[in-house]
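First to last, the protein sequences are chains B and A. Using my numbering, count along the first sequence one by one with no gaps and you end on 109. Using my numbering, count along the second sequence one by one with no gaps and you end on 1158.
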Amino acid sequence: MRPELTRLQLIEQHLLGPATPADASAWQLQTLLDPDLAADAAAQQQLYAGLQLAGRQQLRQELQLIHRQLYGPGSAGWLRGAAAGLRSLFKRRFRR
Amino acid sequence: MTAAAASDTAPLLPAARLRAALLADRAATLTQLYRRTFPAVERHVRRHGGTAADAQDVFQDALIVLYEKALAETLTLTATPGTFLVAVSRNLWRRELQRRGQHPTAELTEAHFDELPADESEAAPALAVLDYVQQLGEKCRSLLIGFYYHRQPLEQLAAAHQYGSVRSATVQKFKCLERLRSAVRAAWARTTDLLTA
């Protein structure tokens, strides 16, 4: 990977990886050697927060689609549900 | 571990089973939860002064809570996911009724609940990033949201996006993250220029 990408990966491991004392002390040392690191980590944290919002927005759209498919006008979700119920009832009766 | 591999190792705790199912087939798992649980939540909300739209909002908020907790492995299920969903929905609706009592004209769509992991009203910088996520190309957006929000394993993402290997999916993920960061930085620089001009 390019050095820029490796740096993103390093910050990601610090922000999202398991927090160990070894990582904390290594990070502290790196911030002393690289004065921009802390600010870049804060900026990267905002990217993750934005991606969380985008993901949640996408999930809500998916849930609204599911709702329309199950209960929306024209989907006849209730009709399909009723038909499935009738089919399973017939199957049970037929088995007897 | 992939979702398929996880489902092969028995016995899994209910929360781990739910997580594996969500990773393996999100649409089918959410549809099943929706079909089984929404009618009970709708009945409850309607009996307690709400509309069908209120029930839908409350239930979807509860599903988002369940989804995020399950994927983050912070969910503890003592009963079925449906029981959890009904309990969270009832709690959210009770709070919403209390809020409306204090602000009778407020609509549910403006509501923010403590149960949601982050209060969006306090997330202004993240909201600014959100615009740039939407402006990314479809492939980058899908890869980044898939990895960071849906927590899909890189093996799964590599296969879905036709990357030859996990390594090339990893490199692509960081390239996309870099693209997002550059867009946000450029916007931030433009704003600073405007403020100092």
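Just so you know, even glycine gets a beta-carbon here, dropped at the ideal spot from N, CA and C.
Sequence-distant residues of the same chain with beta carbon closer than 7 Å to residue i, five excluded per side
i: V1047/A; result: T998, A1001, V1002
i: L50/B; result: Q43, T44
i: R1051/A; result: H1005
i: R1102/A; result: V1094
i: T1131/A; result: L1115
Coil, strand or helix - residue i by DSSP
i: D47/B; result: coil
i: Y1124/A; result: coil
i: T992/A; result: helix
i: Q22/B; result: helix
i: G1107/A; result: helix
i: D986/A; result: coil
i: Q1063/A; result: helix
i: Q1113/A; result: coil
i: H1009/A; result: coil
i: R15/B; result: coil
i: L1118/A; result: helix
i: L29/B; result: helix
i: L973/A; result: coil
i: L979/A; result: helix
i: L1138/A; result: helix
i: L1097/A; result: coil
i: P1086/A; result: helix
i: P34/B; result: helix
i: P1000/A; result: helix
Beta-carbon gap between residue i and residue j smaller than 8 Å
i: L1024/A; j: L76/B; result: yes
i: L1115/A; j: C1137/A; result: no
i: I1106/A; j: L60/B; result: no
i: Q1133/A; j: Y1124/A; result: yes
i: F1135/A; j: L21/B; result: yes
i: Q74/B; j: L28/B; result: no
i: L1085/A; j: L66/B; result: The sequence given here has Ala at residue 1085/A, not Leu. In this structure, L66/B does not lie closer than 8 Å to A1085/A by Cβ.
i: T1037/A; j: A976/A; result: yes
i: E1139/A; j: E17/B; result: yes
i: T1058/A; j: R1112/A; result: Looking at the sequence itself, residue 1058/A is Leu, so the reference to Thr does not match. No, the Cβ-Cβ distance between L1058/A and R1112/A is not below 8 Å.
i: H1009/A; j: W1054/A; result: yes
Exposed unless 16 or more other CB atoms sit within 10 angstroms - verdict on residue i
i: L974/A; result: exposed
i: L1141/A; result: buried
i: K1100/A; result: exposed
i: R980/A; result: buried
i: R69/B; result: buried
i: D1018/A; result: buried
i: Q41/B; result: exposed
i: T994/A; result: Note on residue identity: the sequence assigns Leu, not Thr, to residue 994/A. L994/A should be labelled buried.
i: G30/B; result: exposed
i: Q1021/A; result: buried
Sequence-distant residues of the same chain with beta carbon closer than 6 Å to residue i, five excluded per side
i: T990/A; result: A982, L983
i: D1075/A; result: With a pLDDT of 46 at D1075/A, under the threshold of 50, the modelled position of that residue is not reliable, and the figure given next carries that caveat. Counting only Cβ-Cβ distances below 6 Å, and skipping sequence neighbours, we find nothing.
Nonlocal neighbours in the same chain, by C-beta distance under 8 Å from residue i, ignoring five residues either side
i: A1089/A; result: V1145, A1148
i: R1007/A; result: A1013, A1016
i: F1108/A; result: L1115, L1118, K1134
i: S1129/A; result: A1119
i: S88/B; result: With a pLDDT of 49 at S88/B, under the threshold of 50, the modelled position of this residue cannot be trusted, and the question is left open.
i: P86/B; result: none
Residue ranges of each beta strand (DSSP E) run of no fewer than 3 residues wholly in the region 1011 to 1044 of chain A, ordered along the chain?
Unbroken beta strand (DSSP E) stretches of 3 residues or longer found wholly inside the region 1011 to 1044 of chain A: none.
Only counting runs of 4 or more residues, tell me where the alpha helix (DSSP H) segments fall wholly within the region 37 to 84 of chain B, in order along the chain.
If we require 4 residues or more, the alpha helix (DSSP H) runs fully inside the region 37 to 84 of chain B come out as 50 to 84.
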